[in-house]
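Going down the list, the protein sequences come from chains A and B.
At position 10 of the first sequence (counting the first as 1) the number is 10 in the numbering used here, and the numbers step up by one without a gap.
With positions in the second sequence counted from 1, the corresponding number in the numbering used here is that position plus 1000.
Down below is the structure, laid out as structure tokens.
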Amino acid sequence: MFEILTKWLRKKEDSKEIGKNRLQLILIDDRLGVSHETLDSIKDDIFTVISKYFDVSEDDVEMNLQKEDGSVALVASIPVLGMKRQSVTTK
Amino acid sequence: MAGKSYVVTSGKGGVGKTTVTANLGTALALRGNKVCVIDSDIGLRNLDVVMGLENRIVYDLIDVIEGTCRPKQALIKHKKADKLFLLPASQTRNKEAISPKQMKELMIRMKEEELFDYILVDSPAGIERGFRNAIAGADEALIVTTPEVSAIRDADRIIGLLQADEMYEPKLVINRLSTELVKKGDMMDQDDIIDILSIELLGIIPEDEGIVASTNMGVPIVLLENEKAGPAFKRIARRLEGENIPISLTGDIEETLLNRIKRLFGINRKEPERV
Ligand SMILES: Nc1ncnc2c1ncn2[C@@H]1O[C@H](COP(=O)(O)OP(=O)(O)O)[C@@H](O)[C@H]1O
Ligand SMILES: [Mg+2]
């Protein structure tokens, strides 16, 4: 019942969230001179490497640029679901 | 104590730089400070009009820089705030007529010869020569933005340019915030904006229809009876002076349910929004 109510209340996404998300994407480009296409492909590459060793889900990978004291840091957060078991039979 | 100079800038035009300069300058002067507001928008001056001083201009910024007159001769004293002075921009020259170096020297003279406590420089829009001139002699920067994507984007660019110029701690003034739109989810609030720009918030000026009337009359809104923008400007002035006055617009937004319950029981008088 409550679910229906909250769903109904949130049937459209707030325009401010849309604006904020767009702004964040624009600023990635502005700040680094790197497009978010590039960033997406970095994210894909990192995911590919990490998933060789850990059980991770692509949807949980978060990556963004943080500005501190005039420098920019690329911060990635990749929740680990578990270790990949090393196969003993293959070499 | 030596005076302090601030450039009021934004990147984007029309976000309220001139309005902020006029009102903040007036508010600081009303508090007993000797204040100079400088219009650095050469060729497109309008700080004089917003302040109602357009009929009293004899000399301007370039006249002082070129030595045609002394600063005292160009400064226009406001009649309703006797510690407030305007140094107008020239209307008939262009921004290349002066250099950042000359601007820096002018600012030093204003502090040393005229002993101003505060100097506010109203910057033109853009990031070219006019902007360079405006930031040249400033100790600190105040960035004005509205809660809109394009204005915040430009503010971010300006923050980057200021940092490259070794001004690492610009302060933010959010102008034209509408609590109604924020409540509807149709406008970013100060937390969203600070989250993105990560600089210190100096204050929030609400959207206020009274500003239109104030500019029509050429009287800064801090000199008029006003419940919205006027008090917000006055609080910013006190924060600049070092007073610790909390910025609590979110408080009002988040507590609406609680307030509503309180009001239901008659506990709560409607408090004006504090920004
Ligand atoms: N808080 C406000 N509420 C309503 N109107 C405002 C507010 N601040 C500025 N304005 C209006 O917005 C317009 C642009 O302001 P202005 O100070 O000239 O901007 P800028 O100097 O950045 O170009 C003006 O018409 C002004 O009256
Ligand atoms: Mg202006």
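The beta-carbon is built from N, C-alpha and C at its ideal position, and this holds for glycine as well.
First through last residue of the beta strand (DSSP E) which encompasses residue i
| i | result |
| --- | --- |
| B:Ala1141 | Glu1140 to Thr1145 |
| B:Pro1206 | Glu1200 to Pro1206 |
| B:Asn1244 | It is not in any beta strand (DSSP E) - B:Asn1244 carries neither H nor E in the DSSP assignment. |
| B:Leu1177 | Lys1171 to Leu1177 |
| B:Asp1039 | Val1035 to Asp1039 |
| B:Leu1086 | Leu1084 to Leu1087 |
Contact test: residue i Cβ vs ligand 1 heavy atom, cutoff 6 Å
| i | result |
| --- | --- |
| A:Asp45 | no |
| B:Ala1229 | yes |
| B:Arg1176 | yes |
| B:Thr1215 | yes |
| B:Gly1218 | no |
| B:Ile1205 | yes |
| B:Ile1211 | yes |
| B:Gly1013 | yes |
| B:Asp1208 | yes |
Per-residue DSSP class, three states only, for residue i
| i | result |
| --- | --- |
| B:Leu1061 | helix |
| B:Ile1236 | helix |
| A:Thr48 | helix |
| B:Met1107 | helix |
| A:Leu74 | strand |
| A:Leu65 | strand |
| A:Lys12 | coil |
| B:Arg1093 | coil |
| B:Pro1231 | helix |
| B:Asp1186 | coil |
| A:Gly19 | helix |
| B:Asn1226 | coil |
| A:Thr38 | helix |
| A:Phe28 | Strictly speaking, residue 28 of chain A in this sequence is Ile, with Phe absent from that position. DSSP places A:Ile28 in helix when its eight states are reduced to three. |
| B:Ile1221 | helix |
| B:Leu1053 | coil |
| B:Leu1044 | coil |
| B:Pro1124 | coil |
Cβ neighbour criterion (16 or more within 10 Å) applied to residue i
| i | result |
| --- | --- |
| A:Lys16 | buried |
| B:Met1217 | exposed |
| B:Glu1254 | Caution is warranted here: a pLDDT of 40 is assigned to B:Glu1254, below 50, making its placement in the model unreliable, and the coordinate value is therefore given only provisionally. Exposed. |
| B:Gln1190 | buried |
| B:Asp1011 | As written in the sequence, residue 1011 of chain B is Gly, which differs from the Asp given in the question. The residue is buried, with at least 16 neighbouring Cβ atoms inside 10 Å. |
| B:Lys1101 | exposed |
| A:Val75 | exposed |
| B:Ser1090 | buried |
| B:Gly1251 | Any reading at B:Gly1251 needs caution, since the residue's pLDDT is 38, under 50, leaving its predicted position unreliable; the model's value is listed next. By the 10 Å Cβ count, B:Gly1251 comes out exposed. |
| B:Tyr1059 | buried |
| B:Asn1033 | buried |
| A:Ser77 | exposed |
Which residues DSSP lists as bridging residue i, in chain order
| i | result |
| --- | --- |
| B:Lys1004 | B:Tyr1118 |
| B:Lys1101 | BP columns for B:Lys1101 are empty, so no partner. |
| A:Asp55 | A:Gly82 |
| B:Ile1076 | B:Leu1086 |
beta-carbon residue i near ligand 3 non-hydrogen atom, thresh 6 Å
| i | result |
| --- | --- |
| B:Ala1081 | Among the ligands modelled here, namely ligand 1 and ligand 2, ligand 3 does not occur. |
Near ligand 2: residue i beta-carbon under 6 Å from a heavy atom
| i | result |
| --- | --- |
| B:Thr1009 | no |
| B:Lys1313 | What the structure shows of chain B is the stretch from 1001 to 1275, and residue 1313 of chain B is not part of that stretch, so it cannot be assessed. |
Residue range of the unbroken alpha helix (DSSP H) whose run includes residue i
| i | result |
| --- | --- |
| B:Met1217 | Gly1210 to Met1217 |
| B:Leu1197 | Gln1190 to Leu1197 |
| B:Arg1157 | Val1149 to Ala1164 |
| B:Asp1048 | Leu1047 to Val1050 |
| B:Asn1023 | Lys1017 to Leu1030 |
| B:Lys1012 | Taken as a continuous stretch (DSSP letters only), B:Lys1012 belongs to no alpha helix (DSSP H), as it is neither H nor E. |
| B:Ala1081 | That residue, B:Ala1081, is in no alpha helix (DSSP H); it is neither H nor E in DSSP. |
| B:Ala1134 | Arg1129 to Ala1136 |
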